[in-house]
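One line per chain: the protein sequences are A and H, in this order. Residues in the first sequence are numbered consecutively from 19, following our numbering. Residues in the second sequence are numbered consecutively from 278, following our numbering. C-beta: ideal position from N, C-alpha, C; glycine also. To start, the structure itself, in C-alpha cells.
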Amino acid sequence: MQNILRVGMADLKCVEYPGILTTLGLGSCVGIALFDTQRKVIGLAHIMLPSSSQARSIENPAKFADTAIINLLEDMERNGARLRNIVAKLAGGAQMFAFSKLSSILNVGERNVASAKEKLNELNIPIISEDTGGNYGRTIEFYSNDGSLLIKTIGHGVKKI
Amino acid sequence: MSGNFNSFSNFNDMHLDILKEIGNIGSGNAITALAKMLNKKIDMEVPKVKILKFSEVTEILGCAENPVVGVMLAIEGDMTGCILFLLDLSAARALVNMLMGMDNKAMADNAEFSEIEVSALKETGNILASSYLSALSELTGIKVYPSVPDISIDMAGAILSVPAIEFGKLGETVLYIETEFSEGCTRVVGDFFLVPDIESYGVLMRALGVIW
Numbered sequence: 019m020q021n022i023l024r025v026g027m028a029d030l031k032c033v034e035y036p037g038i039l040t041t042l043g044l045g046s047c048v049g050i051a052l053f054d055t056q057r058k059v060i061g062l063a064h065i066m067l068p069s070s071s072q073a074r075s076i077e078n079p080a081k082f083a084d085t086a087i088i089n090l091l092e093d094m095e096r097n098g099a100r101l102r103n104i105v106a107k108l109a110g111g112a113q114m115f116a117f118s119k120l121s122s123i124l125n126v127g128e129r130n131v132a133s134a135k136e137k138l139n140e141l142n143i144p145i146i147s148e149d150t151g152g153n154y155g156r157t158i159e160f161y162s163n164d165g166s167l168l169i170k171t172i173g174h175g176v177k178k179i
Numbered sequence: 278m279s280g281n282f283n284s285f286s287n288f289n290d291m292h293l294d295i296l297k298e299i300g301n302i303g304s305g306n307a308i309t310a311l312a313k314m315l316n317k318k319i320d321m322e323v324p325k326v327k328i329l330k331f332s333e334v335t336e337i338l339g340c341a342e343n344p345v346v347g348v349m350l351a352i353e354g355d356m357t358g359c360i361l362f363l364l365d366l367s368a369a370r371a372l373v374n375m376l377m378g379m380d381n382k383a384m385a386d387n388a389e390f391s392e393i394e395v396s397a398l399k400e401t402g403n404i405l406a407s408s409y410l411s412a413l414s415e416l417t418g419i420k421v422y423p424s425v426p427d428i429s430i431d432m433a434g435a436i437l438s439v440p441a442i443e444f445g446k447l448g449e450t451v452l453y454i455e456t457e458f459s460e461g462c463t464r465v466v467g468d469f470f471l472v473p474d475i476e477s478y479g480v481l482m483r484a485l486g487v488i489w
C-alpha cells in the first residue's frame, strides 16, 4: 500500500514521485491538481472560494483559488518543479442543491472553476483536462508517476482524466 | 460595541445558550409535529450547539466521503441565507422506517432509498428546519420565510461544502446544532447548519443582543 497524503478542505500539499495526493468529498469546492511532467512533482489544492480579493481576511491562502495556486507553485518549485513543465487538471465545482433564488451561494462552484482557470491562464499553465460542474460530489486521487487524476463519485461512476 | 461583527468566533457562552435555546424550542416544535404525524411518542435530547473549524466539520460525520442525506431550505425575509439538515444514512434509514412504519431489520442500512422514501426524508427535513426557523423567528422577532426544500444524497464533504463555503467568506468556523431524538429504542441524530448570508449576520446578532 503506497502512502497517500490527504489534502483537507481549504488546504494544499505537494509531493514528489512516487507520492499520491487525495482529497475527499469535493462539492462546490474545486481540486486544482498541478503536475511537473519532467520532474514528477505533484501539487493539489482544495479551494473553497474564487478570489482572495473579495475576502475580509486572508488568514488561509489555501481557501481561495488565486492565492492557493500561487502558494502551491511556490511549494512545488521548492521541491524541484519548474513552472514551464507544469500542467493542470481541475475537478469539482458542483452545485449540490438546485435553488434559483440563492444564486450567490449556489453558483459558487462555477465561479470557483472560472477563477482557477483565469489564474492558470494568467500564469500560462495549460489545463489539460477537467471534470467540473454537475450536482454531485467527487473524491480525487492524484498520481505522481503519470499525473493521472482518478475521480470517484456516488452513483456517477469512476473515471480517470 | 460597534457593528463590525464578522464571525461566530466572537460568541461567548451566553450567546451559545441563546442559540441552544432556540435550537431546543425549534427541535421541540419539530418533534411534536413528527410525533403527531407518526402518532407515536418521541423523546428528544437537549441539542448541542457548537462552533467548529472547517477541518472538524466533516469529522463529525466520520469520513468526508461517507454518503449522507442533506435537506436544504433557502431563507428569505429580514434575514436571508439557508438552513441545512443533515443525517447519516443509517439515521435516515431509521427515520424512513419510523415514518413508513417498517421494521428496522427489514432494510439494510445501505439499501437505496425509493422515490417515496426520498420524498419522506425531504418532507421531514422540511418540517424540522421550518420548526427551527419559526422558533428563531418567535424568539428574536426576525421574520423569516423558508423556501421549498431540496434534497441531496451524496458525500458528506460535498454537501457540507455548501455551508462551509458561506461561512468561509467570513472566517474559519461554522455554527452547528446537533439534535437527537428517539422513538422506542430507535435513535436518530441529525445536524442543523444555520447559514446566514454575510449581510444578515448583523440582523441576527442584533436580535440576539450580541451587538446593538
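Query	Result
Is residue 344(H) close to chain A? Criterion is C-beta to C-beta, closer than 8 Å.	yes
On a Cα-Cα basis, can you pick out the residue from 79(A), 29(A), 37(A) and 107(A) that is closest to residue 143(A)?	107(A)
So is residue 443(H) buried or exposed if we call it buried at 16+ other beta carbons inside 10 Å?	buried
Near residue 78(A), what residues of its chain come up, given a Cβ to Cβ distance below 8 Å and the 5 sequence neighbours on each side ignored?	28
So residue 73(A) contacts chain H; which residues on that side make the cut at Cβ distance below 8 Å?	446
Whose Cβ in chain H lies nearer than 7 Å to the Cβ of residue 46(A)?	438, 439 and 442
Counting pairs of Cβ atoms below 8 Å between the segment 318-331 of chain H and the segment 386-402 of chain H, do you hit three or more?	no
In whole angstroms, give me the CA-to-CA distance for residue 446(H) and residue 67(A).	8 Å
Leaving out five residues before and five after residue 327(H) in sequence, what residues of the same chain have Cβ atoms less than 6 Å from its Cβ?	453
Would residue 412(H) pass as an interface residue toward chain A - the criterion being a Cβ-Cβ separation below 8 Å?	no
Counting C-beta neighbours from all protein chains within 10 Å, is the total for residue 393(H) 16 or more, i.e. buried, or is it exposed?	exposed
For residue 405(H) versus residue 461(H), is the C-beta spacing smaller than 8 Å?	no
State the Cα-Cα distance for the pair residue 64(A) and residue 414(H), rounded to the nearest angstrom.	36 Å
Out of 170(A), 115(A), 146(A) and 110(A), which has the shortest C-alpha to C-alpha gap to residue 131(A)?	110(A)
Could you have a look at residue 143(A) and say whether DSSP puts it in helix, strand or coil?	coil
Counting only Cβ-Cβ distances shorter than 8 Å, please list the residues of the segment 129-157 of chain A near chain H, keeping chain order.	153, 154, 155, 156 and 157
Apart from the five residues just before and just after residue 345(H), which ones in its own chain have a Cβ nearer than 7 Å to its Cβ?	338, 363, 364, 365, 366, 433 and 436
Just list the residues that DSSP pairs residue 423(H) with in beta bridges.	352(H)
Please classify residue 158(A): is it buried, with 16 or more other beta-carbons within 10 angstroms of its beta-carbon, or exposed?	buried
How would you label residue 489(H), buried or exposed, when you count the other beta carbons within 10 angstroms and need 16 or more for buried?	Legend: pLDDT at residue 489(H) = 48, less than 50; position of this residue unreliable, no value from coordinates given.
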